[in-house]
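Heads up, the thing below is written out as structure tokens.
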Amino acid sequence: MIFLLFLGAAVFIFDLEKFRKALIITGAVFLTILFLLYQHEKMYVLIPAASAFVLFMILEFRKRNVKIVSLIVPLIIIAASFGYAASYVFENFLQPHQQERINVWLRPEKCDPRGSLYNILQSKMAIGSGGLQGKGFLQGEMTKLDYVPEQSTDFIFTSIGEEQGFIGIVGVVILFTILLTRCVIIAERANLEFIRNYAYGVAGILFFHFMFNIGMTMGLLPVIGIPLPFISKGGSSLIAFSIMIAVLIKMDMARYRAN
19 MIFLLFLGAA VFIFDLEKFR KALIITGAVF LTILFLLYQH EKMYVLIPAA
69 SAFVLFMILE FRKRNVKIVS LIVPLIIIAA SFGYAASYVF ENFLQPHQQE
119 RINVWLRPEK CDPRGSLYNI LQSKMAIGSG GLQGKGFLQG EMTKLDYVPE
169 QSTDFIFTSI GEEQGFIGIV GVVILFTILL TRCVIIAERA NLEFIRNYAY
219 GVAGILFFHF MFNIGMTMGL LPVIGIPLPF ISKGGSSLIA FSIMIAVLIK
269 MDMARYRAN
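With my numbering applied, the sequence shown corresponds to residues 19 to 277, in that order.
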């Protein structure tokens with residue numbers, strides 16, 4: 019994954035100075051992934067790797083006004099490499115319980131509905147039972163009776179779907195869209211490249227957390243224990259996301275003082 023990340027970035031880097039910057043960023047991502055691997059969070063490495071890769075793509079596309087056609091070749095290389103490496107990683111790198119999560123995602127018909135498939139089935143049923151307007155705050159039977167495990171942390175979106183219904187789900191999506199849009203606006207109007215890079219990085223991290231959390235509760239993505247920013251229970255994640263946003267706001271405020 020790190021090699022593919024570096025390859026995708028190096029395609030657009032031609033001078034030595036930019037190569038050094040890419041090397042530093044890749045090193046930082048590599049250390050982050052090593053730390054996650056040490057903590058036995060192998061599937062969580064998708065977040066920093068994907069965020070860094072998207073950051074490289076956005077910044078280079080923006081600065082160079084690269085045509086869409088020029089992005090096709092590196093993306094094809096990355097997709098082909100991932101396709102060849104996926105089976106090897108699945109068999110030799112993932113733990114049995116992590117392999118079971120992939121099977122639940124791709125081959126649910128072969129999984130035990132009372133075992134590994136239980137969480138996803140209950141989550142889908144709870145979200146679907148919410149209907150248009152939901153059952154009301156704290157009135158969801160499936161979440162209230164603990165049919166859905168981890169409903170206050172990783173599966174908090176299930177509680178929202180059952181209690182607030184489709185309207186509540188759309189409201190959450192709109193709120194996160196506004197937050198991501200504000201991050202992009204701050205990035206585009208930043209005077210310094212560092213602030214622009216940081217703002218895009220924050221947007222990428224928030225987007226992938228949001229996408230993976232919602233996707234895994236509906237069975238669209240594998241369950242990897244990703245919290246929903248600012249909504250899932252957990253002091254450490256709330257503090258981390260709050261600091262990240264606070265630093266971004268502080269950087270944006272400094273732009274006004276500089277002008």
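Virtual Cβ for every residue (Gly too), placed ideally from N, Cα, C.
Nearest to P240 (by Cα), restricted to the options L193, M143 and R125: Residue mapping note: residue 240 aligns to position 222 of the sequence shown, counting from 1. Among L193, M143 and R125, the Cα nearest to that of P240 belongs to R125.
Have a look at I196 and K153 and give me their C-alpha separation to the nearest angstrom. For the purposes of this step, residue 196 is taken as residue 178 along the sequence shown, with counting starting at 1. For the purposes of this step, residue 153 is taken as residue 135 along the sequence shown, with counting starting at 1. Looking at the two C-alpha atoms, the distance is approximately 26 Å.
Determine the direct distance from the alpha carbon of G186 to that of I213, and round the result to whole angstroms. Position 195 of the sequence shown, counting from 1, holds the residue named residue 213. Position 168 of the sequence shown, counting from 1, holds the residue named residue 186. Within the model, the alpha-carbon separation for I213 versus G186 is close to 33 Å.
Residue ranges of each beta strand (DSSP E) within the stretch 245 to 273, 3 or longer: Counting only runs of 3 or more, we get nothing.
Reduced DSSP category for M236 - H, G, I as helix; E, B as strand; rest coil: Counting from one through the sequence shown, the residue named residue 236 turns up at place 218. M236: coil per DSSP, three-state reduction.
DSSP on K142, reduced to helix/strand/coil? Here residue 142 refers to the residue found at position 124 when the sequence shown is read from its first residue. Three-state DSSP puts K142 in a helix.
Would you kindly work out how many angstroms separate the C-alpha atoms of K268 and M143, rounded to a whole number? As a working note, residue 268 is residue 250 in the sequence shown. As a working note, residue 143 is residue 125 in the sequence shown. If you draw a straight line from the Cα of K268 to the Cα of M143, it comes to about 42 Å.
Using the C-alpha atoms, what's the distance from K162 back to L156? As a first step, residue 156 must be located in the sequence shown, where it is residue number 138. As a first step, residue 162 must be located in the sequence shown, where it is residue number 144. About 7 Å.
Can you tell me the Cβ-Cβ gap for L139 and F184, rounded? I've got them flagged as a contact below 8 Å. Here residue 139 is taken as the residue at index 121 of the sequence shown, counted from 1. Here residue 184 is taken as the residue at index 166 of the sequence shown, counted from 1. The C-beta distance from L139 to F184 rounds to 20 Å, too long to fall under 8 Å, and the pair is not in contact.
Assuming M160 and S147 make a contact with CB atoms under 8 Å, what is their CB distance in whole Å? Residue mapping note: residue 160 aligns to position 142 of the sequence shown, counting from 1. Residue mapping note: residue 147 aligns to position 129 of the sequence shown, counting from 1. With a Cβ gap of about 7 Å, M160 and S147 count as contacting.
How about F194 and F173: do their beta carbons lie closer than 8 Å? Your numbering for residue 194 matches position 176 in the sequence shown. Your numbering for residue 173 matches position 155 in the sequence shown. Taking 8 Å as the cut-off, the Cβ atoms of F194 and F173 do not count as close.
Unbroken stretches of the beta strand (DSSP E), 3 residues or longer, contained in the stretch 186 to 236: Segments of the beta strand (DSSP E) lying fully in the stretch 186 to 236: there are none.
L124 - containing alpha helix (DSSP H), residue span: As a working mapping, residue 124 is identified with position 106 in the sequence shown. Run containing L124: P114 to L124, per the alpha helix (DSSP H) assignment.
I need the boundaries of the alpha helix (DSSP H) containing K162, first residue and last residue. As a position in the sequence shown, residue 162 is number 144, starting the count at 1. Note, K162: alpha helix (DSSP H), E159 to K162.
Span separating the alpha-carbon of E180 from that of Q116: Indexing the sequence shown from 1 puts residue 180 at position 162. Indexing the sequence shown from 1 puts residue 116 at position 98. If I take the Cα positions, the gap works out to 27 Å.
So what does DSSP say about S170, is it helix, strand or coil? Locating residue 170 in the sequence shown gives position 152, where the first residue counts as 1. DSSP places S170 in the coil class of the three-state scheme, outside both helix and strand.
Where does K271 land, buried or exposed, given buried means 16+ other C-beta within 10 angstroms? Residue numbering aside, residue 271 sits at position 253 when the sequence shown is read from its first letter. Lys is not the amino acid found at residue 271; the sequence shown has Met there. For M271, the number of other beta carbons within 10 angstroms of its own is below 16, and it is reported as exposed.
Tell whether a beta-carbon distance below 8 Å holds between Y216 and L266. In the sequence shown, residue 216 corresponds to position 198, counting from 1. In the sequence shown, residue 266 corresponds to position 248, counting from 1. The Cβ atoms of Y216 and L266 lie closer than 8 Å to each other.
Drop a sphere of 10 angstroms on the beta-carbon of S177, count the other beta-carbons inside from all chains shown, and report buried for 16 or more, exposed for fewer. The residue given as residue 177 occupies position 159 in the sequence shown. Within 10 angstroms of the beta-carbon of S177 lie 16 or more other beta-carbons, which makes it buried.
Collapsed DSSP secondary structure at S134 in the structure displayed: Here residue 134 corresponds to residue number 116 of the sequence shown, with the count starting at 1. For S134, the three-state secondary structure derived from DSSP is coil.
Proximity below 8 Å, CB of I223 to CB of N231: Position 205 of the sequence shown, counted from the start, is the residue given in the question as residue 223. Position 213 of the sequence shown, counted from the start, is the residue given in the question as residue 231. Between I223 and N231, the C-beta gap is not smaller than 8 Å, which leaves the two residues out of contact.
Looking at I185 and the ligand GTP, is the gap between the Cβ and the nearest heavy atom below 7 Å? Among the components of this structure there are no ligands whatsoever, and the ligand GTP is therefore not found.
What is the rounded straight-line gap between the Cα of G189 and the Cα of R273? Reading the sequence shown from its first residue, position 171 is the one you call residue 189. Reading the sequence shown from its first residue, position 255 is the one you call residue 273. Going by the C-alpha atoms only, they are around 31 Å apart.
Helix, strand or coil for G149 per DSSP? The residue labelled residue 149 in the question sits at position 131 within the sequence shown. Reduced to three states, the DSSP call for G149 is coil.
Nearest neighbour of Y136, chosen from I120, F111 and P167 [CA to CA]: Counted from its first residue, the sequence shown places residue 136 at position 118. The residue with the shortest Cα to Cα distance from Y136 is P167.
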